[in-house]
Amino acid sequence: MSKNIESREDIESQMRAALRPVAPRQAFSRELLARVMLEARPQSRPRFFAAARVRPLAWWLTASVAACLVLAVGVHQHLQQQRLQQSGLEARREVMKALHVTSEKLNLAYEAVKSQSTSLEDEESGA
Amino acid sequence: MTKHMLTLFIALLAPGLAWGASSPKLIIPSFAGLAQKASESVTITLDPALLGMAARFLDSNDPQDAATKDILKGLQGIYVRSYTFDHDSAYSQADIEGVRSQLAAPGWNRLLETRSRKTHADVDIYIMVDQGKAVGLAIIASEPREFTIVNIVGAIDLDKLHKLEGQFGVPKLDIDTSKPAPPQKK
């Protein structure tokens, strides 16, 4: 009987020793906080991403349309610039041609005036 | 009543006619028939917008381009019609008369008239002067197989035209630009 009591007291003391309050390790709270943060992160994602995950097709469609629009505007501007440059070069070529024709005809007049004055001089010297 | 209406109509129309008659811009016919007959034709129509565009594409570092740019500054238009034919007398003087008659209007002065017996080339140069400044130039050159009409509208600086000498083959015409050209009998 007394042996039974002793063994019970022994078990109780062992259990008490095992269940005694122990102070946590120094890194415990830091590790726990890190783990909590890690688990909480997916929940803190913005709604946009959450929506994107829910409707990825709509998101890709919007992005594609936006990219197409940007591309179309870029191509249009490039073509417009090219057309403007072509018109400018054409206008420049026409100006050069017009001035060339003008100078050609002025030359014709000049040659005629020169030959007339030469013939007049010849007539005067002959007289 | 009809008389008054007619007077009023003429009074309203007269300033417009007078303005039209003395415009430095000539009304050049299309010469569609001649263009078809011609072996070579040049049709140049440069309005202020096109002249401005051309000026933007002229390189200021290039001497010829710089001189051209300088000339274009005051211009409002350049109009050229030139037709070359394979045989003589392919065009009649009546074709040119439409333009020549416009040059008889007040404001236009004949600067030069040349008739070459050697080349049978006739060149008439007209200038329109307003307040001592040339505002219009017209050249009518007719040769046996070619005729050309040039009309330059705007503030033509004859000094600058002189500067083009040797670049486009423009000769020195000994034009006194210090005073307006006196009106000559046509």
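Taken in order, these protein sequences are the chains called X and A. For the first sequence, our numbering begins at 57 and goes up steadily by one. For the second sequence, our numbering begins at 2 and goes up steadily by one. Cβ coordinates follow ideal geometry from the N, Cα and C atoms, glycine included.
Pairwise C-beta distances place the region 45–53 of chain A in contact with the region 66–85 of chain A, as three or more of them are shorter than 8 Å. Judged by their CB atoms, Gly133/A and Pro25/A are not nearer to each other than the 9 Å cut-off. Glu62/X and Arg72/X have their C-alpha atoms roughly 15 Å apart. Excluding five sequence positions before and after Ser90/A, none of the CB atoms of its chain fall closer than 6 Å to its own CB. Rounded to the nearest angstrom, the Cβ distance from Ile29/A to Ile150/A is 6 Å, consistent with a contact under 8 Å.
Note that the C-beta distance between Leu164/X and Ser102/A is not below 9 Å. Phe84/X sits in a helix when the DSSP states are folded into three classes. The criterion of a C-beta distance shorter than 9 Å is satisfied by Val130/A and Asn110/A. Rounded to whole angstroms, the Cβ separation of Val169/X and Thr85/A is 23 Å, and the two are not in contact under 8 Å. With a threshold of 9 Å between beta carbons, Gln136/X makes no contact with chain A.
Looking from the CA of Ile157/A, the closest CA among Ala142/A, Glu144/A, Leu138/A, Glu147/A belongs to Leu138/A.
Beta-bridge annotation (DSSP): Lys134/A is paired with Asp131/A. Just so you know, the alpha carbons of Leu89/X and Pro77/X end up roughly 21 Å apart. Close partners of Glu150/X in chain A (Cβ separation under 9 Å): Ile45, Thr46, Leu47, Leu51, Ala55, Ile79, Val81. DSSP places Thr69/A within a helical segment (H, G or I) once states are collapsed to three.
In the structure shown, Ala142/A falls within a strand segment according to DSSP collapsed to helix, strand and coil. With distances taken between CA atoms, Thr44/A lies nearest to Arg82/A out of Ala36/A, Arg82/A, Asp60/A.
In this chain, the beta strand (DSSP E) harbouring Ile153/A covers 147–155. Closer than 9 Å to the CB of Leu73/A there is at least one CB belonging to chain X.
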